[in-house]
Structure formats: structure tokens, C-alpha cells
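Protein chains: 2
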Amino acid sequence: MGTRTKDESAAAAWRSIMSLVGWGSSRPPRVPAVAQRFGLSPKQLVLIWRLPPGSTVSMREMGDKLSCDASFMTGMVDRLEEDGLIERRPDPGDRRVTLIALTDEGAKFRDRALAALHEPPEEFGALDRDELDQLATLLGKVSG
Amino acid sequence: MGTRTKDESAAAAWRSIMSLVGWGSSRPPRVPAVAQRFGLSPKQLVLIWRLPPGSTVSMREMGDKLSCDASFMTGMVDRLEEDGLIERRPDPGDRRVTLIALTDEGAKFRDRALAALHEPPEEFGALDRDELDQLATLLGKVSG
DNA sequence: TATTGTTATACTCTATAACTATA
DNA sequence: TATAGTTATAGAGTATAACAATA
Numbered sequence: 024m025g026t027r028t029k030d031e032s033a034a035a036a037w038r039s040i041m042s043l044v045g046w047g048s049s050r051p052p053r054v055p056a057v058a059q060r061f062g063l064s065p066k067q068l069v070l071i072w073r074l075p076p077g078s079t080v081s082m083r084e085m086g087d088k089l090s091c092d093a094s095f096m097t098g099m100v101d102r103l104e105e106d107g108l109i110e111r112r113p114d115p116g117d118r119r120v121t122l123i124a125l126t127d128e129g130a131k132f133r134d135r136a137l138a139a140l141h142e143p144p145e146e147f148g149a150l151d152r153d154e155l156d157q158l159a160t161l162l163g164k165v166s167g
Numbered sequence: 024m025g026t027r028t029k030d031e032s033a034a035a036a037w038r039s040i041m042s043l044v045g046w047g048s049s050r051p052p053r054v055p056a057v058a059q060r061f062g063l064s065p066k067q068l069v070l071i072w073r074l075p076p077g078s079t080v081s082m083r084e085m086g087d088k089l090s091c092d093a094s095f096m097t098g099m100v101d102r103l104e105e106d107g108l109i110e111r112r113p114d115p116g117d118r119r120v121t122l123i124a125l126t127d128e129g130a131k132f133r134d135r136a137l138a139a140l141h142e143p144p145e146e147f148g149a150l151d152r153d154e155l156d157q158l159a160t161l162l163g164k165v166s167g
């Protein structure tokens with residue numbers, strides 16, 4: 024179609040994505056905005072996000088995913104546990120490790136938060152149904 | 024093409040975008056990662072980003088763009104000025120306001136930082152030239 | 001009186017170091 | 001000896017309040 028090189032297209036697409044997400048544009052970044060609305064810090068929100076209902080993860084593993092160290096995990100898990108969103112459980116296989124899991128309330132909370140996070144930006148209104156389908160297909164190939 | 028509704032496509036596309044940018048995935052978010060590499064806090068990097076070479080912006084206006092208050096702007100501008108990346112200038116029209124602008128060194132620094140920010144993610148390798156062109160075109164319609 | 005920026009201060013977020021229990 | 005988590009502490013990031021200069 025166009026006269027762009029592959030690299031030029033990639034750069035243009037990436038810049039659009041960065042702008043959509045709120046970096047470098049006038050829109051506030053999505054995750055911090057949603058976190059604030061739900062009374063969490065951005066990292067707390069991402070922790071809830073990465074903890075699917077019914078699953079358990081060790082604190083250390085979650086710390087690695089979130090790029091934060093063990094001592095900070097302690098405090099973050101303390102606060103989320105006080106809020107009743109997650110709970111600690113002993114690991115039957117290794118008594119050194121503490122697993123975390125969503126509570127029932129936490130699972131409901133996660134549904135609401137993910138709905139807000141997944142709300143597409145209003146700019147998508149510029150595309151019709153077929154274009155959105157193409158976009159989803161292309162991005163699906165990219166992000167797995 | 025597909026059987027998705029418009030809303031489903033929009034949601035799928037948006038989820039892919041969030042994942043690509045590092046939220047909700049295993050990849051660290053791009054802006055904090057680049058900021059750290061260049062020795063800045065994320066907000067300092069975004070400030071440099073939003074300050075095109077040759078332009079001036081009042082401290083208050085920049086604070087609004089960055090969603091941070093005036094007192095914090097003072098400290099942030101202090102540090103960037105110490106680093107030699109930006110400079111303060113009086114506003115000839117209103118002696119209450121202080122304008123900020125990139126120094127020559129700051130402009131060069133900005134070029135390098137933006138190059139890193141704009142580097143497309145390796146996942147784009149999953150698309151061929153035509154697909155990337157389509158993607159850039161679609162996202163271009165979306166993000167203006 | 002309202003607004004811009006600064007100073008002083010305090011609060012939140014996050015990491016480092018030392019420690020305990022377990023492996 | 002090495003690893004998971006906790007505690008105490010320190011540092012960065014950010015906001016609030018009081019203030020000076022200007023509008």
C-alpha cells in the first residue's frame with residue numbers, strides 16, 4: 024500500500040501506541056489513573072491484575088513479576104490483606120514460602136478494575152467495525 | 024473478516040496494546056525503563072519529552088501537563104537545570120512566571136532518549152512489511 | 001484579591017541491610 | 001550454605017501549607 028519502509032511503519036505504529044497509552048500525550052496514563060480511582064497504588068493494581076482468581080503465587084515470584092524487592096512485597100501484601108482483597112497461605116511443599124491468592128471480595132474487585140483497564144480509548148471511535156477487526160488481528164499476531 | 028463485534032475487536036486490540044506497553048505483561052513498562060537507563064526519573068523524562076527544542080513553556084503549564092504540583096516542579100526543574108538539560112528564563116510578558124527551555128545539551132539528550140523511547144518492540148517482528156504498514160495506518164487514524 | 005513560583009515540611013513509595021526460619 | 005519472608009531504616013518521589021512577588 025504505502026511507500027513506507029518496514030522500519031518507518033514500525034516506528035509510526037509504536038509512536039501511536041505510546042500516545043494512546045498516555046505517555047508523551049496529554050492523556051494521563053491509564054494504569055495510574057485507574058489505580059487512583061480504585062484507591063490503590065499503580066503497583067498494587069498490577070499485582071491484583073496478575074493474580075487470576077483461583078491461582079496462587081509465591082510472594083517472591085510476584086515480586087519478580089512486579090520488579091520490586093521482597094521487603095516491599097511484605098508491605099504491599101500487608102495493605103492488600105488489610106483491605107480484604109488478597110490473603111496469605113502457607114505453601115504445603117516448602118514452609119519458607121508464602122503464597123498469595125485473591126479473596127472472593129478481591130476477585131470481584133479485580134473484575135471491576137479490569138473492566139476499567141480494558142475499556143478501549145474513545146479514539147477507537149475513529150475506526151469502523153472492519154478496521155477494528157483488522158487492528159485486533161494484527162495486534163493479536165504481535166502480542167501473542 | 025472475523026465474527027467479532029466491534030466492541031470485542033476494540034477490547035482485544037486494547038488489551039494487546041496494554042500488554043505491548045508493559046502493563047499486565049511480563050515486560051517492564053517502557054518509559055520507566057528508558058528513564059532509568061538515562062539517569063532520570065520517569066517524570067523527568069516525560070518533561071524532556073514534552074519540551075520540544077526551541078520552545079518555551081511556563082513551569083505551571085508543564086506541571087499541569089505532568090499532573091504534578093508547583094512545589095514539585097521547582098525541585099524537578101532544579102535538578103534538570105543542575106544536569107544542564109534545561110534552563111529557566113523570565114517571561115517578558117508576566118514577571119511572575121518562569122519559562123523553561125531545553126539547552127543545546129538538553130536537545131541532544133532528548134534526541135537520544137526519544138530514539139530509545141521510539142524503538143519499536145521486538146514483537147513487531149511477527150508482522151511483515153505490509154502488515155506493519157496496515158497497522159501504522161490504522162493506529163494513525165486512531166491517534167491523530 | 002488571585003496567581004506564579006519558592007521554601008519548609010511531611011507523607012508515600014521503594015530499596016538496602018540485618019535477622020529468622022526453613023531448605 | 002542458600003533462599004523466603006520480615007523488620008528496621010533510609011532514600012527518592014510527591015504533596016500540602018505558608019510565604020514573597022507580581023498581576
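Just so you know, the sequences run in chain order X and P.
First residue of the first sequence? That's 24 in this note's numbering, and the numbers climb one at a time after it.
First residue of the second sequence? That's 24 in this note's numbering, and the numbers climb one at a time after it.
Built from N, CA and C at the ideal position, the CB exists for glycine as well.
- In whole angstroms, what separates the C-alpha of S166/P from that of R112/X? Locating residue 166/P in the second sequence gives position 143, where the first residue counts as 1. Locating residue 112/X in the first sequence gives position 89, where the first residue counts as 1. As the crow flies, the alpha-carbon of S166/P is around 45 Å from that of R112/X.
- Give the interface partners of I40/P over in chain X, defined as CB-CB distance under 7 Å, in chain order. By one-based count along the second sequence, residue 40/P stands at place 17. Under the 7 Å cutoff, chain X gives I40, L43, V44 and L162.
- Query: Counting Cβ pairs, one atom from each stretch, are 3 or more of them under 8 Å apart for the stretch 77-84 of chain P and the stretch 59-66 of chain P?
  - Reply: No: the two stretches stay apart, fewer than three of their Cβ pairs being nearer than 8 Å.
- Going by beta carbon distance, what residues of the same chain come within less than 8 Å of A93/P, once the five residues before and after it are set aside? Here residue 93/P is taken as the residue at index 70 of the second sequence, counted from 1. Here the set comprises M82, R83 and G86.
- Query: Whose CA, out of L108/P, V44/P, E154/P and V69/P, lies closest to the CA of D127/P?
  - Reply: Taking the second sequence and counting its residues from 1, one reaches residue 127/P at position 104. Looking at L108/P, V44/P, E154/P and V69/P, the one whose alpha-carbon comes closest to that of D127/P is L108/P.
- Item | For P144/X and V44/X, the rounded distance between their alpha carbons | Sequence index remark: in the first sequence, residue 44/X carries index 21 (1-based). Sequence index remark: in the first sequence, residue 144/X carries index 121 (1-based). The alpha-carbon atoms of V44/X and P144/X are separated by roughly 9 Å.
- Does the separation of the CB atoms of A124/P and E110/P fall below 8 Å? Here residue 124/P refers to the residue found at position 101 when the second sequence is read from its first residue. Here residue 110/P refers to the residue found at position 87 when the second sequence is read from its first residue. Yes, they are a contact pair.
- Message: Taking its Cβ as the centre, do 16 or more other Cβ atoms sit within 10 Å of R118/P, making it buried, or is it exposed?
- Response: Here residue 118/P refers to the residue found at position 95 of the second sequence. The C-beta of R118/P has fewer than 16 other C-beta atoms within 10 Å across all chains shown, which makes the residue exposed.
- By Cβ distance below 6 Å, which residues in the same chain neighbour R133/X in space, the five residues on each side in sequence not counted? Taking the first residue of the first sequence as position 1, residue 133/X is located at position 110. Here the set comprises I71.
- Quick one: which residues of the stretch 24-38 of chain P get their C-beta closer than 7 Å to a C-beta of chain X? List them in chain order. For the stretch 24-38 of chain P, which is checked against every Cβ of chain X, the residues closer than 7 Å are M24, G25, R27, K29, S32, A33, A34, A35, A36, W37 and R38.
- Within 10 angstroms of its Cβ, does P52/X collect 16 or more other Cβ (buried), or is it exposed? For this step, residue 52/X is matched to residue 29 along the first sequence. Buried, because 16 or more other Cβ atoms sit within 10 Å of the Cβ of P52/X.
- Less than 8 Å between the CB atoms is what I'm expecting for M41/X and L140/P, so what's the real figure, rounded? Taking the first residue of the first sequence as position 1, residue 41/X is located at position 18. Taking the first residue of the second sequence as position 1, residue 140/P is located at position 117. Correct: roughly 7 Å between the Cβ atoms.
- Query: When the Cα atoms are used, what is the spatial distance from L103/P to L68/P?
  - Reply: By one-based count along the second sequence, residue 103/P stands at place 80. By one-based count along the second sequence, residue 68/P stands at place 45. Rounded to whole angstroms, L103/P to L68/P spans 10 Å at the Cα level.
- Look at A35/P and A159/X and say whether their C-beta atoms are less than 8 Å apart. The sequence position of residue 35/P within the second sequence is 12, counting from 1. The sequence position of residue 159/X within the first sequence is 136, counting from 1. Yes; because the gap between Cβ atoms is below 8 Å, this pair is in contact.
- Message: Could you tell me the alpha carbon to alpha carbon distance between T97/P and K88/X, rounded to whole angstroms?
- Response: As a first step, residue 97/P is located in the second sequence; it is residue number 74 there, counting from the start. As a first step, residue 88/X is located in the first sequence; it is residue number 65 there, counting from the start. About 34 Å.
- Message: Which residues does DSSP list as the beta-bridge partners of I123/X?
- Response: Taking the first residue of the first sequence as 1, we reach residue 123/X at position 100. Paired residue(s): V80/X and R111/X.
- Within 10 angstroms of its Cβ, does R38/X collect 16 or more other Cβ (buried), or is it exposed? Indexing the first sequence from 1 puts residue 38/X at position 15. Around the beta carbon of R38/X, 16 or more other beta carbons sit within 10 angstroms, so the residue counts as buried.
- Task: Would you please verify whether the beta carbon of L74/X is less than 8 Å from any beta carbon of chain P?
- Result: Numbered from its first residue, the first sequence carries residue 74/X at position 51. Taking 8 Å as the CB threshold, L74/X stays off the interface with chain P.
- Got a sec, what are the start and stop residues for the alpha helix (DSSP H) R152/X sits in? Indexing the first sequence from 1 puts residue 152/X at position 129. Counted as a single uninterrupted DSSP element, the alpha helix (DSSP H) harbouring R152/X occupies residues R152 to S166.
- Task: Measuring only between beta-carbons, confirm whether L84/X sits less than 8 Å from chain P.
- Result: Numbered from 1 along the first sequence, position 61 holds the residue referred to as residue 84/X. According to the sequence shown, residue 84/X is Glu rather than Leu. No, because no Cβ of chain P sits closer than 8 Å to the Cβ of E84/X.
- Query: Closest Cβ-Cβ distance between F132/P and chain X: below 8 Å?
  - Reply: Walking along the second sequence from the start, residue 132/P turns up at place 109. Not an interface residue.
- Item | Three-state secondary structure assigned by DSSP to R60/X | Residue numbering aside, residue 60/X sits at position 37 when the first sequence is read from its first letter. Looking at R60/X - three-state DSSP - the assignment turns out to be helix.
- Counting only beta-carbon atoms, is L155/P nearer than 8 Å to chain X? Stepping through the second sequence from its first residue, residue 155/P is reached at position 132. At a cut-off of 8 Å between beta-carbon atoms, L155/P makes contact with chain X.
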